[in-house]
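Per the working numbering, the sequence shown starts with residue 2, numbered consecutively.
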Amino acid sequence: MKYFLLLTLFVQSTIANEIDVSNASIRLLPGTTTAAFLTLENKTDKEIVLEKVSGDFAETFELHDMVMEAGRMQMRPLQSIIIAAKSKVDLKHGGKHIMIFNIKKPLTEKQEYPLNLHFKNLPIKKIKAQAIKPVF
Ligand SMILES: [Cu+2]
């Protein structure tokens, strides 16, 4: 039993190290729609696929990208975001982002909100994103 527990802990920490999440933030905007940004770093030598984001503080989370269409930047839902082996993907303003719809109650500046990152073939990764006023 003891050995099983140790093994479980070892396996969990190995998984936790496969992907590194940093700079997680949520734009503090008026209204109930906003975006979250973060940096994903794949530490493995295989690609990692982010398939979905979920959380309790809002009803809907979508993966989005910005594309130029008819001379205008438009948002587009993405099925997934691929993080290539040994590389980083920045979800940032003007690029890929996590779209958040129907925020249940107004966000508070500097408060951290839990987000669940659902990766293909990996356990759910729980992170916290800080609500901050947008710089631009
Ligand atoms: Cu969007």
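Note that CB positions come from ideal geometry on N, CA and C, so glycine has one too.
Which of helix, strand or coil DSSP assigns to residue i
i	result
P115	strand
I99	strand
D1	Look at the range of the chain in this structure, 2 to 137, and you will see that residue 1 is not part of it.
I27	strand
F81	Sequence inspection shows Ser at residue 81; the Phe mentioned does not correspond to that position. S81 falls in the coil class under three-state DSSP.
H94	coil
Whole-angstrom distance between residue j and residue i, CA atom to CA atom
i	j	result
K47	S88	10 Å
P177	A25	Outside the modelled stretch of the chain, which goes from 2 to 137, sits residue 177, for which no answer is possible.
Y114	F38	13 Å
E110	P135	11 Å
Cβ separation of residue i and residue j, assumed to be a contact under 8 Å, to the nearest whole Å
i	j	result
N43	A71	The Cβ separation is near 34 Å, so there is no contact.
Can you list, in chain order, every residue whose CB sits closer than 6 Å to a heavy atom of ligand 1? A36, H65, M76, H98, M100
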